[in-house]
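A.B. asks: The structure is given below, and queries will be raised subsequently.
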Amino acid sequence: MRAYAAIFRMKFTGGLQYRAAALAGLATQFAWGFMEILAFMAFHRANPAAFPMSLSQTVSYIWLQQAFLALFMTWFFDRDIFDAILSGAIAYELARPADLYGRWFCQSAASRLSRAVLRCFPVLIIACMLPGPFGLKAPESLAQLGLFFLSMGLSLVVVVSFSMLIYISAFHTLSPVGVRIMAAVAADFLAGGTVPLPFFPAGFRQVAELLPFAAMQNMPLRIYIGHITGADALLGLGLQSFWALALIIWGRALMKRALGRVVVQGG
2 MRAYAAIFRM KFTGGLQYRA AALAGLATQF AWGFMEILAF MAFHRANPAA FPMSLSQTVS
62 YIWLQQAFLA LFMTWFFDRD IFDAILSGAI AYELARPADL YGRWFCQSAA SRLSRAVLRC
122 FPVLIIACML PGPFGLKAPE SLAQLGLFFL SMGLSLVVVV SFSMLIYISA FHTLSPVGVR
182 IMAAVAADFL AGGTVPLPFF PAGFRQVAEL LPFAAMQNMP LRIYIGHITG ADALLGLGLQ
242 SFWALALIIW GRALMKRALG RVVVQGG
């Protein structure tokens with residue numbers, strides 16, 4: 002456990018060094034956030050009755066999505082892990098006295114968390130100061146805020162464990178690019194990254210809410226804005242816990258099988 006904590010700490014502090022990249026990303030996130038808000042406001046003005054969430058909830062959802070994008074983005078992968086697999090440097094990884102799955106899991110989680118820390122506070126502060134319908138609203142209670150933070154932690158575990166499946170798939174392909182693109186697009190859409198899940202057609206939404214992707218950004222953001230409350234929020238946390246455990250067990254099994262067949266060429 003001490004080794005994993007050290008790996009997490011080194012990767013986290015290393016990620017905090019990229020402040021210029023974070024500032025550049027902030028400009029993009031604000032621009033994208035305002036663009037999404039204006040689009041939803043236009044749809045709301047045209048037909049308010051068709052909106053499954055209030056306009057205020059929708060705006061808050063978008064700002065939270067932008068603030069914690071680094072935690073949720075399914076298209077972000079650690080290049081060092083892919084390089085280790087494709088270059089054969091995985092041989093050195095296997096020689097180290099630590100579980101490879103746990104090491105990569107800590108590395109990926111720390112990388113995402115460090116990026117989120119650099120970007121979330123400016124977005125949240127400025128979004129809270131915006132006037133009228135453009136601003137981020139505070140949660141209705143401290144209990145709701147606590148459930149949000151708990152759900153965020155589970156969401157990070159689900160996202161990282163899903164990413165681990167993509168890393169492991171690189172053991173079986175000549176190039177991981179195709180798998181990465183297909184998995185990222187499907188996961189982002191089904192997680193509510195493109196359009197919040199409540200806007201999906203009823204039948205499709207009911208199926209999507211049971212998939213592991215709904216345990217990513219969909220659950221914590223809807224808990225924060227008050228769209229999921231009470232027993233439904235607790236049920237959602239249970240579903241997140243289930244998928245986190247299931248994906249980790251599945252990932253470990255696939256990792257064990259892949260490492261049992263891996264062949265490193267060269268000398």
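So the sequence shown is numbered by the working numbering: it starts at 2 and just counts up by one. Glycine residues also receive a C-beta, built at the ideal position from the N, C-alpha and C atoms.
How would you label threonine 14, buried or exposed, when you count the other beta carbons within 10 angstroms and need 16 or more for buried?
C.D. replies: Exposed is the call here.
A.B. asks: Is the stretch 27–47 close to the stretch 170–180, with three or more CB pairs under 8 Å?
C.D. replies: At 8 Å Cβ cutoff, the stretches do not touch.
A.B. asks: Rank Leu56, Gly34 and Phe201 by C-alpha distance to the C-alpha of phenylalanine 44 and give the top, closest one.
C.D. replies: The option with the nearest alpha carbon to phenylalanine 44 is Leu56.
A.B. asks: Over the uninterrupted alpha helix (DSSP H) stretch that includes lysine 257, give me the two end residues.
C.D. replies: 231–262 is the extent of the alpha helix (DSSP H) around lysine 257.
A.B. asks: Can you tell me whether tyrosine 168 is buried or exposed, with buried defined as 16 or more other CB within 10 angstroms of its CB?
C.D. replies: That one is buried.
A.B. asks: Would you kindly check if the distance between the Cβ of arginine 113 and the Cβ of leucine 157 is under 8 Å?
C.D. replies: It is a contact, given that the beta carbons lie within the stated cut-off.
A.B. asks: If you compare alpha carbons, which of Ala128, Val160, Ile91 and Trp251 is closest to phenylalanine 78?
C.D. replies: Considering only alpha carbons, the answer is Val160.
A.B. asks: Since I believe alanine 245 is in contact with serine 162 (beta carbons under 8 Å), could you give me their beta-carbon distance rounded to a whole number of angstroms?
C.D. replies: Confirmed, Cβ separation roughly 6 Å.
A.B. asks: From the DSSP output, in three-state form, read off threonine 29 for me.
C.D. replies: Helix at threonine 29.
A.B. asks: Compute the Euclidean distance between the alpha carbons of glycine 268 and glycine 89, then round it to the nearest angstrom.
C.D. replies: Unreliable positioning characterises glycine 268 in this predicted model, as indicated by a pLDDT of 43, which lies under 50. The coordinate reading is nonetheless provided below. Each residue's Cα considered, the two are about 10 Å apart.
A.B. asks: Which of the three DSSP states, helix, strand or coil, is assigned to aspartate 189?
C.D. replies: If DSSP states are grouped into helix, strand and coil, aspartate 189 belongs with the helices.
A.B. asks: How many Å lie between glutamine 58 and histidine 228 at the Cα?
C.D. replies: About 8 Å.
A.B. asks: Between the C-alpha atoms of proline 132 and leucine 70, what's the straight-line distance to the nearest angstrom?
C.D. replies: Near 23 Å, if we compare the C-alpha coordinates of leucine 70 and proline 132.
A.B. asks: Hey, would you say isoleucine 224 sits closer than 8 Å to phenylalanine 149, going by beta carbons?
C.D. replies: In this structure, phenylalanine 149 lies closer than 8 Å to isoleucine 224 by Cβ.
A.B. asks: Can you look up glutamine 218 in the DSSP assignment and give me helix, strand or coil?
C.D. replies: Three-state result, glutamine 218: coil.
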